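Per the UniProt record's numbering: the sequence shown = residues 1 to 523.
Glycine included, C-beta positions come from ideal geometry on N, C-alpha and C.
What you are looking at is a predicted structure, and each value in this text was computed from that prediction instead of being measured.
Notes follow once the structure below has been shown.
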Amino acid sequence: MNTQFTQNNFEPHYDVVVIGSGLGGLVSALILAKEGKKVVVLEKNNQFGGNLQTFVRNKTIFDTGVHYIGGLDKGENLYNYFSYLNISDKLKLRQLDKNGFDMISFDDDSQEYPIAQTYQNFVDQLAHLFPKEQENLIQYSNKLEEICSAFPMYNLNIGTFADEEDFLSINAKEYIDSVFTDERLKAVLVGNNFLYVGQAEKTPLYIHALSVNSYIHSAWRCVNGGSQIAKLLIKELKKYGGEIYKYQEIRSFVQNENEEVIGCETTKGKSFFGDLFISNIDIKKTIDMLGERKFGKPFSRRVKSLEVTPSAFTIYIVFKPKSFSYINHNIYHFNSINDVWDSYEKPTNDWPNTYIATFSMDQKDEEYSESMTVMTYMTFDEVQKWEESYNVETNDNYGKRGEEYEEFKRQKTELIIRKLEKKIPDIREKISSIHTSTPLSYRDFIGSEKGNMYGYLKDSNHPMKTFISPRSKVKNVFFTGQNVRVHGVLGVTVGAFVTCCEILGADYLMNKVHREIKLNANE
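Right under this line is the structure:
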């Protein structure tokens, strides 16, 4: 939907209007505000930050999306990007266990398998358990680094997409099968593929490499949640004169008599006019608001045909005080090694067949965990009967979903607790309270189609099908977010810089980034 409109002289005019306050929107806004541009960010919900949002239950902070981050040691890629944004040294972080930040485990095996930090340690830890595979582990590690080095912006370098093309069609499972012989080790190496939703026939090796590489370099948990990233970015944005408003959901774009985009109108009836527009919301929604013709029918139809990743069912556990020892790693658990690929498509008679568990430390007594978050796959189909209800006040259909929905969540929670008890037998008696979220929660608060976690599923068989350029066919409308390049904190940050390179020029922006990083390092 779009409307024709003439700007009133009293309406504020911005150089850049950013739609959506997820990480991609905030980073893009800050980069451009640093250039002296007048920037405004519009958010539909109460809280800024998209997947960086946190919430509080029983005085305990929970993350909605960011449970741990890689690449934040001094001099590493995300550290340097955040350094340019002036937030690296302000983050409150705790480094996860260097000998195993992720532990992979299976029902039929008492051994926990570590994914360690630094490639040397990564190889050493796994070679100790799989000595015959040591040389193959070295070869595999070198391949991951080779792939990551071919993505220029991942390494803060200027380059073209062509530099990456050689790796786009390599299938992750096929490559791992070609290098290793031990089936259990193969499963362990992709045991944390909840990070990107591993599909045996589709997941490209580059997605696996980009997802795990930064964690292997260094892995960190945000103390008191990932929302600190959003808060720090907003503080910097305001320092440069940027504005940000919540409860401002975009209803339509405004065009002049020449069909040029000159503004957008919110559901509150407010208009925001600007020269450039950056969409940090679902690309399909952006297309719907402006019309397929604007973006070109081939592009629009391609985007609308793309499959999205599944969503998650999550339980948030508050522990009784000083009852559960702090665990400084994440747990990825499977029923068996046969469940590591295509987990969300497996039969549900023994659900969940996989889960990831993360822990937060009690800040008053670091020996204990204050809380635990457990996530497992859930498709939107399971909650489709309640899709007409919304849990956000800005939606007209805001309201409770009823007792049947609550019972559905209770049943799913009980199945997860029973699964946890196999690994942690006394966990039930240590629980103070449990809270839940479903695909509907992610849809409502993140704004993703069907509550999906990571945007469009990448496919090694059709690598260019999911390629989204940050520059759209509408000359002053740009895209950012997890569908531009790669998902995750690092991927979305890189994507925001890619978007701003299109606006400012890659040579100019990245040379400036390097100058400022060097200056910051010398201070």
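Judged by pairs of C-beta atoms under 8 Å, the stretch 186 to 201 touches the stretch 94 to 108, as three or more such pairs exist.
When Ile262, Glu421, Val486, Ser360 are compared, the shortest CA-CA separation from lysine 475 is found for Ile262. In this structure, asparagine 520 sits near serine 83, with a CB-CB distance shorter than 8 Å. The beta-carbon separation of alanine 230 and phenylalanine 48, rounded to 5 Å, stays under the 8 Å limit for a contact. Each of Leu440, Thr413, Glu406, Asn349 was checked against the Cα of glutamate 388, and the nearest Cα belongs to Leu440. In this structure, DSSP gives arginine 221 an extended state, which the three-state scheme calls strand.
For aspartate 73, the secondary structure class from DSSP, reduced to helix, strand or coil, is coil.
Per DSSP, the continuous alpha helix (DSSP H) segment holding serine 227 begins and ends at 227 to 239. Remark: C-beta atoms of threonine 373 and threonine 314 approach each other more closely than 8 Å.
With 16 or more neighbouring CB atoms inside 10 Å of its own CB, proline 470 falls in the buried class. CA-to-CA, the gap between leucine 137 and glycine 50 works out to about 37 Å.
Remark: C-beta atoms of phenylalanine 359 and tyrosine 326 approach each other more closely than 8 Å.
Spanning the alpha carbons of tyrosine 154 and arginine 401 requires a straight line of approximately 42 Å. For the set Phe319, Asp365, Glu516, Ile278, the Cα lying nearest the Cα of glutamate 502 is the one of Ile278.
The three-state reading of DSSP puts threonine 436 in strand, counting E and B together.
Just so you know, the alpha carbons of phenylalanine 106 and valine 18 end up roughly 44 Å apart.
Between the beta-carbon of histidine 333 and that of threonine 354 there is about 7 Å, and that keeps the pair under the 8 Å contact cut. Scanning its chain for C-beta atoms nearer than 6 Å, with the 5 sequence neighbours on each side dropped, one finds around serine 214 the residues Gly70, Gly71, Leu490, in chain order. The shortest C-alpha to C-alpha distance from tyrosine 245 to any of Thr466, Lys268, Leu52 is the one to Lys268.
A direct Cα-Cα distance of roughly 16 Å separates lysine 385 from glutamine 411. Collapsing the DSSP output to three states places methionine 464 in coil.
Of Leu26, Ser211, Lys473, the smallest CA-CA separation from glutamate 260 is found for Lys473. For proline 12, the number of other beta carbons within 10 angstroms of its own is below 16, and it is reported as exposed. One thing to note: glutamate 35 has its Cβ no nearer than 8 Å to the Cβ of serine 21.
In the structure shown, the three-state DSSP call for glutamate 307 is coil. The C-beta distance from methionine 378 to threonine 286 rounds to 26 Å, too long to meet the 8 Å contact threshold. When C-alpha distances from threonine 181 are compared across Leu168, Tyr140, Asp63, Ile115, the shortest belongs to Tyr140. Leucine 420 is positioned such that its CB atom lies no closer than 8 Å to that of tryptophan 220.
DSSP places glutamine 95 within a strand segment (E or B) once states are collapsed to three. Taking C-alpha positions only, tryptophan 341 is separated from aspartate 350 by approximately 16 Å. For the set Glu366, Lys304, His67, the Cα lying nearest the Cα of serine 323 is the one of Glu366.
Residue pairing for glycine 22: DSSP places it in a beta bridge opposite Gly49. Cβ-Cβ distances below 7 Å link valine 179 to Asn136, Gln139, Tyr140 in the same chain, with the five nearest sequence neighbours on each side left out; the list follows chain order.
Every unbroken stretch of the alpha helix (DSSP H) spanning 4 or more residues and falling wholly within the stretch 478 to 506 is given here in chain order: 488 to 504.
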